[in-house]
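Chemist:
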Amino acid sequence: MAGPNWGNLVEKGRAKAHGIPWTEEEQHARLVLKIPVEFIRDGIVTLEEYEQCLKKGDKPVFRMTKKELQDEATRLGVIYASETPRTELIALVTRAKEKEQLKNPVVLPSSGTGETGSN
Amino acid sequence: MILSTDLPKLRDYLDEIFLESSADSIAEMVGPTIFGVQETEKWSYEYQVEHGVSGIKELADGEELPEVTAAEGDSITWTQREFGAKVTVTARTRKFNDYNSPKITAMVRSVTEDAWEKIDQSLADVLLHGFSASNYTDVYGKSVPAVGPDGVCVFSASHSNNLNSDVFSNLIVNPAGTTNPGLTREAIVASRAAAAVHKDANGIIRPVKLDTVLVSPQKYDEAMRIVNSEGLSGEFTRDYNPIKGLVKVIMWPRLAALPDGTDTSAYWFMFDSKKVDRSLKLLWAKRPMLEAPEQVLENNNWIWKLNYYYSIGRAFPAYVWGSQGTN
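In order, the protein sequences belong to chains S and W. Everything in the first sequence is counted per this note's numbering, starting at 1 for the first residue and increasing by one. Everything in the second sequence is counted per this note's numbering, starting at 1001 for the first residue and increasing by one.
#1: How is Thr1112(W) classed by DSSP in three states: helix, strand or coil?
#2: Using the rule of at least 16 other Cβ atoms within 10 Å of the residue's Cβ for burial, across every protein chain shown, is Pro1149(W) buried or exposed?
#3: For the 8 Å Cβ check, are there 3 or more pairs between the segment 1210-1223 of chain W and the segment 1248-1263 of chain W?
#4: Helix, strand or coil for Leu1183(W), going by three-state DSSP, please let me know.
#5: Please go through the same chain and pick out, in chain order, the residues whose beta-carbon is closer than 7 Å to the beta-carbon of Thr94(S), but skip the five residues on each side of it.
#6: Which residues in chain W sit within 7 Å of Ala91(S), going by Cβ to Cβ distance?
#7: Mind checking Lys1086(W): buried by the 16 CB within 10 Å criterion, or exposed?
#8: When the Cα atoms are used, what is the spatial distance from Leu1003(W) to Thr1077(W)?
#9: Name, going along the chain, the residues of the segment 1121-1142 of chain W whose beta-carbon falls closer than 7 Å to a beta-carbon of chain S.
#10: Hey, is Ala29(S)'s beta-carbon within less than 8 Å of any beta-carbon in chain W?
#11: Would a C-beta distance cut-off of 8 Å place Ala1023(W) and Asn1170(W) closer than the cut-off?
#12: Just checking: is the beta-carbon of Pro85(S) within a distance shorter than 8 Å of some beta-carbon in chain W?
#13: Give a single yes or no on whether Ile1119(W) has its beta carbon closer than 7 Å to a heavy atom of the ligand MG.
#14: I'd like the list of long-range same chain contacts for Ala91(S), defined as Cβ closer than 8 Å, with 5 residues on each side in sequence excluded.
#15: Please say whether Leu89(S) and Gln70(S) have beta carbons closer to each other than 8 Å?
#16: When burial is assigned at 16 or more other CB atoms within 10 Å of the CB, is Ala1115(W) buried or exposed?
#17: Residues of the segment 11-40 of chain S in Cβ contact with chain W at a cutoff of 7 Å, in chain order, please.
#18: My assumption, with CB atoms under 8 Å, is that Ser1134(W) sits in contact with Ala1146(W). Please give the rounded CB distance.
#19: Residues in its own chain within less than 6 Å of Pro1037(W) by CB, not counting five upstream and five downstream?
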């Protein structure tokens, strides 16, 4: 395939995605602000945004590192290889999580008597 | 009238026109004097960046020589592209013209010049489009990638390597460190100093000697005065010009504008003349050739074919620096 070794560049966080280089703003976030590339790929390019994400505590699948995704895939029983790209892992883990939720639906707390108001 | 028996004569004559036009065009080309020109028989050519080798060390008495280890950097694949055109000498043209008719020779001369000019412009476009990582439309009207082996554009402050997190810039700077400065003596001096302490991926200084300034015709006079004046250009002191004799100036008319007409005459570049061929490559699988018809078609047209294969390589970019001249 023509062009640089995108697989290697993406894997090492040196490109945004296959065939997509970082923009200047994203390079700045990566090299100067030292924001993890998973967050930059999700549009987080300032320290304020990054700190807000950290405060919230939750980590969506698409902000996980490849290692975190592999661990999650293992937990969910998803079959993958070490060569499986991060983007594929995101899709696999997301689907597996959806299946898991269907099997174990979250029971929402009762919303009251169910009566509607009258005019 | 050109008879069927005149085919060999016409073939020889058009060959002559082709060679003459090619020689004239090649003499005018600047691109191949900067790009590292090489032949290849591969459709896809894989280029591997090597960040030097390490292994030299002081030896104790009787000690074995250490193994040399290569520090392998990024890689990139350059794929050949095929270009060509048909030159048709129709039956009607043959009936009403001689073998040396301008109607026929002009076609061959024009298509030959077109080929060489497009090749040279495609090389200039590598520099002119070197400031953005986005694909661009080349002189042949096709969208082509603009990134090198490290996934960024040719001129960037964020060139990285495959070994560690070090980055380097090949953007021309002024003494204040501002990138993309206009053409000034101070910017030439500041960039030469910055390039001279370029560190490789192993952390060792590997000086890049920016000894050539490359400009459009609009900037040529200014560049010549900056570089070749005895004293400092534009100043009343009797000081001397330290870069005179250390730097040479090359004019490349194709730097004046992009194929879409965008004015790029303020862009200017500097390179290390001994090593620039490691940064920019021109790989020929077949140079332009004019092939004569082997048979006459049913409609009595005689068709000459001009075609060629080449690819352009953006390799390790440290030896060429650029500025859009905007600051």
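No residue lacks a Cβ here, since even glycine has one placed at the ideal position from N, Cα and C.
Modeler: Put simply:
#1: helix
#2: buried
#3: yes
#4: coil
#5: Val61
#6: Those do not exist, as Ala91(S) stays about 23 Å from chain W at its closest Cβ, beyond 7 Å.
#7: exposed
#8: 49 Å
#9: Ala1133
#10: no
#11: no
#12: no
#13: The ligand MG is absent from the structure shown, which contains no ligands of any kind.
#14: Contacts found: none.
#15: yes
#16: buried
#17: Arg14, Ala15, Pro21, Gln27, Leu31
#18: 6 Å
#19: Here residue 1037(W) is Val; the residue named in the question, Pro, does not match the sequence. So the list reads Leu1282, once near-sequence residues are dropped.
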